[in-house]
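Number 1443 in the working numbering belongs to position 584 of the sequence shown; there are no gaps in the numbering. Here's the structure we're looking at; comments come further down.
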Amino acid sequence: MSSESQEQHDLSPRDSAEGNDNLPFGDLLKPQKESSSDLKQSKANDKCRPYTRIHMDLQEKSNTNIKHFVIKKLQKSCQCSPTKLKKYIFDFFPVLQWLPKYDLKKNILGDVMSGLIVGILLVPQSIAYSLLAGQEPIYGLYTSFFASIIYFLFGTSRHISVGIFGVLCLMIGEVVDRELHKAGYDIAHIRSNGSTLANCTSDVCCDRSCYAIKVGSTVTFVAGVYQVVMGFFQVGFVSVYLSDALLSGFVTGASFTILTSQTKYLLGLRLPRSNGVGSLITTWTHIFRNIHKTNICDLITSLLCLLFLLPTKELNERYKSRLKAPIPTELIVVVAATLASHFGQLNEIYNSSIAGNISIGFKQPEAPDWNLIPSVAVDAIAISIIGFAITVSLSEMFAKKHGYTVKANQEMYAIGFCNIIPSFFHCITTSAALAKTLVKESTGCQTQLSGVVTALVILLVLLVIAPLFFSLQKCVLGVITIVNLRGALCKFRDLPKMWRVSRMDTVIWFVTMLSSALLSTEIGLLLGVCFSMFCVILRTQKPKTSLLGMVEESEIFESMSAYKNLQTKPGIKIFRFIAPLYYINKECFKSVLYKKTLNPVLVKAAQKKAAKRKLKEEAMNLKRIQDEVSMQLSHESLELHTIVIDCSAIQFLDTAGIHTLKEVRRDYEAIGIQVLLAECNPSVRDSLARGEYCKKEEENLLFYSVYEAVAFAEDSQNQKGVCVLNGLSPAID
């Protein structure tokens, strides 16, 4: 058999594939044809034949001058041509790519239907969420209108619905109430006495509603700038730190805060909004202290709306596959409640709180208050991250489901401009929302054109219908907001399954949910991110380790603690470490390796003690006893001559990790045990080379597979002809 075919035979198919895919060392040598008799003979003599190592040559890397590289990149990026300019414009405005190719017959019906239905659902939700953000109802309608139009121009997802979102409204509302309090607006006094407090300068007089939208639009502007800047510098990787478990826990915790903030409307109580750490507990304390002031009319209305909305929402969810379009239950409730409140004169007779006057048309554009930017800049960071993380994740999820691609970086631009431009038109922060996106998808949406239809529905309300909601009770809006929290609150039903799949993710969910609900949304998000990163570190600090054995009649090695009937080679132990080896877990690596194989430090100490006792002629009897004790320290592994470290699960090494491997190798070599590394990935091999783990003549210490390392160890021992017993035969220090 030729040497080339012999070398190829020694590699398993898996090893060969890994060598081709992961190593930039060129192709493996091709096997030549072998006769069946040669193959049988090879298998029979497999244990005693000399093992030929595979050697591969590194590709020659060109010396790159950093200065020339940077200049070349800058020249390439600064070059301008008509083709490049056209591509840039088309990438920045995706509507120019898909709209000219729009299939009218195929797509128009689905887009019109989905846009119409989402618009109908969005009207009552926009009015209700305005209340959550501390704004007048008209501003929620403005927000949904402008967001739908702008995303149509900049967005790449065909299915997501961008508009007002409950969690962001809650976060904005907290900032608005804080700034109102700092500006001297006594909200409790205003609501109890019905007077109007205003801050007036020489030319401008701004009441509470005016100042509230100034704060809201300024926060929106800053959040949008953050999102566009992140898109420009392509730092969307920040969303990687927001895992699904973390986002789910954050939304559920924020939902408890939203539910708490809306409870006072259900009871008809006029209470100041609590802010800061522990606002949820403070709000419930105020509610129970004032429960005797409950407005019976608002309470009855709230119960009736709940009794209607909850079952119909369940029916919509259960029979969504049979229904061509979901029943617009919220719109039905809003219309019925408005008519009942108007003709029943509930505000005049029972002092029920109503939405009040909603003006028609658009207000004159106004720039954000630049003086407020320092006060809200920090708050806008969390709002911007949550907004783009939810938008990008939903975009990618529905794009994958329907077989098209979205550009995450362009999505960041789109959601950023959905905040920057509307902030000049008295709007608040927007993002995609799962519930409305699901409705949009299920009603036949085909392209972003459905967003234009949604905007037209809202425009009709803004220009004609808005004043008709004058008598709408605020408790109805509170009920609509609470009912839309069903999805987030139902996450508790998924906890048993989440616990079975990943206990760590479940703990992250609970920590984020509780901190978001009991402390504050911003602190909850920060704690959730920090805790999830700590969990990642914790997983690598105490990783799984195992000794490996070979599956019979194969070249596969698996954990001996997990599988039965695995074969072991005498004198060889194979150790697997499933984590990066770096400064955090280096001590864990050493201690576990020494515990599972042999502690070379103890063996070396025993050797030194035995040597000293040989020099003491006075205690010969004591020497014999203690020599027997020292030999018993390593009695279980007297035949051990090689330790193979399976590095396939070690993603990277740092300086401490390289130093640890050197120390381990030095300790074992001191007692005559060789240490071999197998299946190192390119990153680990580069780190070992830079750290000078081994010299050029010691390259045989690194192997492409565990099987190759074991075969080399056996061959080296056979060539020696005698087994070294734990280093007891070499010269003693």
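Ideal Cβ positions, reconstructed from N, Cα and C, are used throughout, including at glycine. Only a predicted model underlies this, so the values are computations on that prediction, with no experimental measurement involved.
Cβ neighbour criterion (16 or more within 10 Å) applied to residue i
| i | result |
| --- | --- |
| Y1422 | exposed |
| P1227 | buried |
| A1273 | buried |
| V1034 | buried |
| H1018 | buried |
| K1333 | buried |
| Y947 | exposed |
| Q1093 | exposed |
| D1103 | exposed |
| C1389 | exposed |
| Y1124 | buried |
| F1351 | exposed |
| H1151 | exposed |
| N1210 | exposed |
| N1216 | exposed |
| Q1269 | buried |
| S1413 | exposed |
| N1424 | exposed |
| Y1552 | buried |
| A1470 | exposed |
| Y1263 | exposed |
| Q1426 | exposed |
| W957 | exposed |
Local conformation of residue i per DSSP, three classes
| i | result |
| --- | --- |
| E1417 | strand |
| I1186 | coil |
| T1380 | helix |
| F1511 | coil |
| L1126 | helix |
| Q1332 | strand |
| Q1086 | helix |
| E1495 | Reliability fails at E1495, whose pLDDT of 42 lies under 50, so the model's placement of it is uncertain and the value that follows must be treated cautiously. Of the three classes helix, strand and coil, the one that applies to E1495 here is helix, per DSSP. |
| Q1426 | strand |
| P959 | coil |
| S1375 | helix |
| S1102 | coil |
| Y1044 | coil |
| R1345 | helix |
| H1201 | helix |
Beta-carbon proximity check, residue i vs residue j, cutoff 8 Å
| i | j | result |
| --- | --- | --- |
| K1455 | F1436 | no |
| G974 | V1311 | yes |
| L990 | L1348 | no |
| Q984 | N1343 | yes |
| C1028 | Y1070 | no |
| V1320 | L1000 | yes |
| G828 | A1113 | What is shown of the chain runs 860 to 1592, which leaves residue 828 out entirely. |
| K1073 | L1231 | yes |
| Y998 | A1239 | no |
| F1005 | P1233 | no |
| C1394 | M1357 | no |
| K1449 | V1523 | yes |
| I1191 | N1175 | no |
Own chain residues within Cβ distance below 6 Å of residue i, not counting five before or after
| i | result |
| --- | --- |
| A1572 | I1431, T1501 |
| Q1578 | none |
| T1142 | T1119, S1133 |
| F1257 | H1018 |
| P996 | I986, S989, A1214, I1217 |
For residue i: DSSP bridge partner residues
| i | result |
| --- | --- |
| T1501 | I1431, Q1533 |
| S1290 | G1022 |
| G1408 | E1417 |
| I1213 | Q1332 |
| I1437 | K1403 |
| L1561 | L1536 |
Own chain, CB closer than 8 Å to residue i, minus 5 neighbours either side, in chain order
| i | result |
| --- | --- |
| P1402 | F1436, I1437, A1438, N1444, C1447 |
| Y1441 | T1399, F1511, L1512, D1513, A1515, G1516 |
| A1196 | T1160, C1164, L1331, Q1332, V1335 |
| Y1453 | P1459, V1460 |
beta-carbon residue i near the ligand FAD non-hydrogen atom, thresh 7 Å
| i | result |
| --- | --- |
| C1164 | Absent from the structure shown: the ligand FAD. Ligands present: none. |
Closer than 8 Å to chain D by CB, residue i
| i | result |
| --- | --- |
| S1564 | Reference to chain D is not applicable here, since this structure consists of a single protein chain. |
7 Å Cβ shell around residue i - same chain, five flanking residues per side excluded
| i | result |
| --- | --- |
| T1519 | L1440, K1445, F1448, K1449 |
| S1020 | V977, A1291, A1292, K1295, T1296, K1299 |
| K1266 | T1015 |
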